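J.: Residue numbers (the numbering used here), protein chains in the order written: chain E, 1 to 124; chain Y, 1001 to 1375.
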Amino acid sequence: MSFDVPEGLRYRESHEWIDPETGRVGITDFAQDELGDVVFVELPSEGDAVAADAEFGVIESIKAVSDLYAPVSGEVTAVNEALFDAPELVNDDPFGDGWMLELDLDADDLDDLLTAEEYADQIA
Amino acid sequence: MTLRKPPLREIHAERGATFTEFGGWDMPVEFDSIRAEHAAVREDAGIFDVSHMGEIVVAGPDATTLVQRLTTNDVTELDAGDAQYAAITREDGVMLDDTVVYRLPDEAGDDFGRDDPVPAYLFVPNAGHDTESHERWVDYRDDHDLDCEVRNVTEDWAMFAVQGPAAPDLVAGAVDDGGPDVRGLSRFSAAFAPLSGAECWVARTGYTGEDGFEILCPWDAAGDVWDLFVDDAAPCGLGARDTLRMEKGFLLSGQDFHPEDEPRTPYEADIGFVVDLDTEFVGRDALAEQAETGVEETFVGIELLDRGVPRHGYDITDEDGHVVGAVTSGTMSPSLDKPIALGYLPVDLTDPGTEVNVVVRAREKRAKVVTVPFE
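1) Hey, would you say Thr1076(Y) sits closer than 8 angstroms to Ala1086(Y), going by beta carbons?
2) I'd like the list of long-range same chain contacts for Arg1311(Y), defined as Cβ closer than 6 angstroms, with 5 residues on each side in sequence excluded.
3) What is the DSSP secondary structure of Ala1166(Y), counted as helix, strand or coil?
4) Taking 8 angstroms as the threshold, find out whether the stretch 1272-1292 of chain Y comes into contact with the stretch 1093-1107 of chain Y through three or more Cβ pairs.
5) Is there a Cβ of chain E sitting closer than 8 angstroms to that of Ser1335(Y), yes or no?
6) Is His1134(Y) helix, strand or coil when you go by DSSP?
7) Return helix, strand or coil for Phe1022(Y), following the three-state DSSP convention.
8) Within a Cβ cutoff of 7 angstroms, which residues of the same chain sit near Pro1168(Y), ignoring the five residues on either side of it in sequence?
9) Check each residue of the stretch 50-83 of chain E: if its Cβ is closer than 9 angstroms to any Cβ of chain Y, include it; give the result in chain order.
10) Given 8 angstroms as the limit, is there contact between the stretch 1172-1179 of chain Y and the stretch 1188-1205 of chain Y, that is, 3 or more CB pairs closer than that?
11) Output the distance between the C-alpha atoms of Asp1049(Y) and Asp106(E), rounded to the nearest integer angstrom.
12) For Phe40(E), return the contacting residues in chain Y, with the cut-off set at a CB-CB distance below 9 angstroms.
13) Quick check on DSSP: helix, strand or coil for Asp1177(Y)?
14) Run down chain E in chain order and give the residues with a C-beta less than 8 angstroms from the C-beta of Glu1030(Y).
15) Can you grab the Cα-Cα spacing for the pair Thr1208(Y) / Ala1172(Y), in whole Å?
16) Step through the CB atoms of chain E and report whether any lies within less than 8 angstroms of the CB of Ser1329(Y).
17) Does the stretch 1148-1161 of chain Y come into contact with the stretch 1055-1071 of chain Y, if we say contact requires no fewer than three beta-carbon pairs (one atom in each stretch) closer than 8 angstroms?
18) Interface residues of chain E around Arg1015(Y) at Cβ under 7 angstroms?
19) Identify whether Met1095(Y) lies in helix, strand or coil by the three-state DSSP scheme.
20) Counting only Cβ-Cβ distances shorter than 7 angstroms, please list the residues of the stretch 1032-1046 of chain Y near chain E, keeping chain order.
21) Reducing DSSP to helix, strand and coil, say where Phe1188(Y) ends up.
22) Please compile the residues from chain E whose C-beta is within a distance smaller than 8 angstroms of the C-beta of Thr1243(Y).
23) Enumerate in chain order the residues of its own chain whose CB-to-CB distance from Ala1040(Y) is below 6 angstroms, with the five nearest sequence positions on each side excluded.
24) Quick one, which of Ala1013(Y), Lys1005(Y), Glu1014(Y), Thr1018(Y) has its alpha-carbon nearest Ala1240(Y)'s?
25) Check whether the Cβ atoms of Ile1302(Y) and Ala1367(Y) sit closer than 8 angstroms, and answer yes or no.
26) Got a sec? Which residues, its chain only, sit under 8 angstroms from Val1230(Y) by beta carbon, not counting five neighbours each side?
27) I need the boundaries of the beta strand (DSSP E) containing Val1199(Y), first residue and last residue.
28) Any Cβ of chain E within less than 8 angstroms of the Cβ of Gly1313(Y)?
29) Quick one: what does DSSP say Gly1223(Y) is sitting in, helix, strand or coil?
30) Note down, in chain order, every chain E residue with its Cβ under 8 angstroms from the Cβ of Gly1239(Y).
31) Please state whether the Cβ-Cβ distance between Ala1080(Y) and Val1101(Y) is less than 8 angstroms.
32) Taking 8 angstroms as the CB-CB cut-off, is Arg1361(Y) touching chain E?
33) Rounding to the nearest angstrom, what Cα-Cα distance links Glu7(E) and Val1323(Y) in this structure?
34) Rounding to the nearest angstrom, what Cα-Cα distance links Ser1133(Y) and Phe1188(Y) in this structure?
35) DSSP three-state label for Tyr1102(Y), please.
36) What do you reckon, are the CB atoms on Ala1190(Y) and Ala1120(Y) nearer than 8 angstroms?
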């Protein structure tokens, strides 16, 4: 099975992605497939601070509970509240409507993250 | 430890199934999506490979006595082709396992050096319990000098569950020409029927809350029998089986009860209907006493009112925040789209509507006691 790994995003080994342009954060196509049917997400609120590599929330599928890790540090500027009523958006469109947070971001923080090519190798 | 494999392990893998260890077996947990598989069973039909379930045959002149002494229900009520749900309890009434007991057609006497047919039973221990069950039966037989054979045939028989409203027509259509019309079987009855040339034990039983059948077929015929159904019934894994049984409030051995981690009697587990105190069985006296004095805790359904997903092991608290129990099974119900849990509570908190909390990641989520099946 091959998974979508969009160019231009940066990736964390734990399967979160961040868009360097918008600061938008979500989980990858590979991660949503591994989790199975997503039934619940717990996310921080707008204005909360998150720290790079620290847990920022929880995602639950029917069969498992997983922590979500912040790719970078920053303040939460937007939360995708649509996921509270429709968590399945993470399965349906992990890089689109299934996004989770937007962070204000310092471009230097991105250096430790994987490129699309490096992430694709990791899940190959 | 090497995991035991169902006969179609590689066929399931080629189909893209993911696997999990269950009772020492390497079993498919999900083929497509638990939600889709769950819906297929509720609305149409699904097929589960449940070859990890044990099979023990007890046959001989004293077979009825042995099964009667080691299960809680009244096995003498069974005619050939009848099935019965029962618990297996130890002396203190605590459940070691739950099982379905089938009365087989009487077995020809050849194996026993006798001419007369002898009563024969098949019972189905949960995954990983076949060896200990076999030993328990053999030990009891020997200690009481009973005359019967106890055979562990777990790896002689594959087992499939075809479940859902479309299952009766599918199973009836799969029986070879000249075989019985299995649509005529009532719930908890069974018959031998030929499928793909193999003689199978076809029982109108299952653990999803839907109509359907469980089919025991010879291990070597598993592929042919599976192929009879898999184009019309969605292949389903243990993930969907778990959500389906939870919605109906059915117990999961090892999780909702366990002789060490969650020791429970049938009365506490709300399956008192499987206990017949007019029969003699191991654990009877303890259960008779509990029937007299009543239980302190019972198994209930709980529905979360706040957002969150209850999971095995999460604390249940009362209105004052005191821990009063724990979730033994929990999930987001795929059919009802709400968080549901099963667990034990003190009897004064078990009336439907009683407000409790389930502690999810250190936060109390409001919940209420409900009757099962969940609606």
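Note that the Cβ used here is the ideal one computed from N, Cα and C, for glycine as well.
Just so you know, these numbers come straight off a predicted model, no measurement behind them.
T.: Concretely, from the data shown:
1) Along the second sequence, one-based indexing puts residue 1076(Y) at 76. Along the second sequence, one-based indexing puts residue 1086(Y) at 86. No; because the gap between Cβ atoms is not below 8 angstroms, this pair is not in contact.
2) By one-based count along the second sequence, residue 1311(Y) stands at place 311. Here the set comprises Gly1330.
3) Position 166 of the second sequence, counted from the start, is the residue given in the question as residue 1166(Y). Note: Ala1166(Y) maps to coil in three-state DSSP.
4) yes
5) One-based indexing of the second sequence puts residue 1335(Y) at position 335. Taking Cβ atoms only, chain E never reaches closer than 8 angstroms to Ser1335(Y), which makes this a no.
6) As a working mapping, residue 1134(Y) is identified with position 134 in the second sequence. Correct three-state label for His1134(Y): helix.
7) The residue you call residue 1022(Y) lines up with position 22 of the second sequence. In the structure shown, Phe1022(Y) sits in a strand (DSSP, three-state: E or B).
8) As a working mapping, residue 1168(Y) is identified with position 168 in the second sequence. So the list reads Arg1183, Asp1211, once near-sequence residues are dropped.
9) Val58, Glu60, Ser61, Ile62, Lys63, Val65
10) yes
11) Position 49 of the second sequence, counted from the first residue, corresponds to residue 1049(Y). Position 106 of the first sequence, counted from the first residue, corresponds to residue 106(E). Their Cα atoms are separated by approximately 52 angstroms.
12) Position 40 of the first sequence, counted from the first residue, corresponds to residue 40(E). Residues of chain Y passing the Cβ test: Arg1307, Gly1308, Val1309, Met1332, Pro1339.
13) As a working mapping, residue 1177(Y) is identified with position 177 in the second sequence. Three-state DSSP puts Asp1177(Y) in coil, outside helix and strand.
14) As a first step, residue 1030(Y) must be located in the second sequence, where it is residue number 30. Those are Gly36, Lys63, listed as they occur along chain E.
15) Residue numbering aside, residue 1208(Y) sits at position 208 when the second sequence is read from its first letter. Residue numbering aside, residue 1172(Y) sits at position 172 when the second sequence is read from its first letter. In a straight line, the C-alpha of Thr1208(Y) is about 19 angstroms away from that of Ala1172(Y).
16) For this step, residue 1329(Y) is matched to residue 329 along the second sequence. It does not: the Cβ of Ser1329(Y) has no partner Cβ on chain E nearer than 8 angstroms.
17) yes
18) In the second sequence, counting from the first residue as 1, residue 1015(Y) sits at position 15. The contacting residues do not exist; Arg1015(Y) stays about 12 angstroms from chain E at best.
19) Within the second sequence, numbered from 1, the residue matching residue 1095(Y) stands at position 95. Strand, per DSSP.
20) Ser1033, Ile1034, Arg1035
21) For this step, residue 1188(Y) is matched to residue 188 along the second sequence. Residue state, collapsed to three classes: coil.
22) For this step, residue 1243(Y) is matched to residue 243 along the second sequence. Ordered by position in chain E, the residues that pass the 8 angstroms Cβ test against Thr1243(Y) are Ile62.
23) Numbered from 1 along the second sequence, position 40 holds the residue referred to as residue 1040(Y). Taken in chain order, the residues that qualify are Gly1046, Ala1234.
24) The count along the second sequence starts at 1 and reaches residue 1240(Y) at position 240. Residue Thr1018(Y) is the option with its Cα nearest to Ala1240(Y).
25) Working through the second sequence from its first residue, we reach residue 1302(Y) at position 302. Working through the second sequence from its first residue, we reach residue 1367(Y) at position 367. Contact: yes.
26) For the purposes of this step, residue 1230(Y) is taken as the residue at position 230 of the second sequence. So the list reads Ile1047, once near-sequence residues are dropped.
27) For the purposes of this step, residue 1199(Y) is taken as the residue at position 199 of the second sequence. Inspection of the sequence shows that residue 1199(Y) is occupied by Glu rather than by Val. 1198-1203 is the extent of the beta strand (DSSP E) around Glu1199(Y).
28) Translated into positions along the second sequence, residue 1313(Y) becomes position 313. Not closer than 8 angstroms to any Cβ of chain E, the Cβ of Gly1313(Y) fails to qualify, so no.
29) Here residue 1223(Y) is taken as the residue at index 223 of the second sequence, counted from 1. In the structure shown, Gly1223(Y) sits in a helix (DSSP, three-state: H, G or I).
30) As a position in the second sequence, residue 1239(Y) is number 239, starting the count at 1. The contacting residues are Gly36, Ile62, Lys63.
31) Counted from its first residue, the second sequence places residue 1080(Y) at position 80. Counted from its first residue, the second sequence places residue 1101(Y) at position 101. For Ala1080(Y) and Val1101(Y), no; Cβs fall outside 8 angstroms.
32) Start at 1 with the first residue of the second sequence, and residue 1361(Y) comes out as number 361. It does: the Cβ of Arg1361(Y) has a partner Cβ on chain E nearer than 8 angstroms.
33) Along the first sequence, one-based indexing puts residue 7(E) at 7. Along the second sequence, one-based indexing puts residue 1323(Y) at 323. In a straight line, the C-alpha of Glu7(E) is about 50 angstroms away from that of Val1323(Y).
34) Looking up residue 1133(Y) in the second sequence gives position 133. Looking up residue 1188(Y) in the second sequence gives position 188. For Ser1133(Y) and Phe1188(Y), the distance between alpha carbons rounds to 22 angstroms.
35) Within the second sequence, numbered from 1, the residue matching residue 1102(Y) stands at position 102. Reduced to three states, the DSSP call for Tyr1102(Y) is strand.
36) Translated into the one-based positions of the second sequence, residue 1190(Y) becomes position 190. Translated into the one-based positions of the second sequence, residue 1120(Y) becomes position 120. No, they are not a contact pair.
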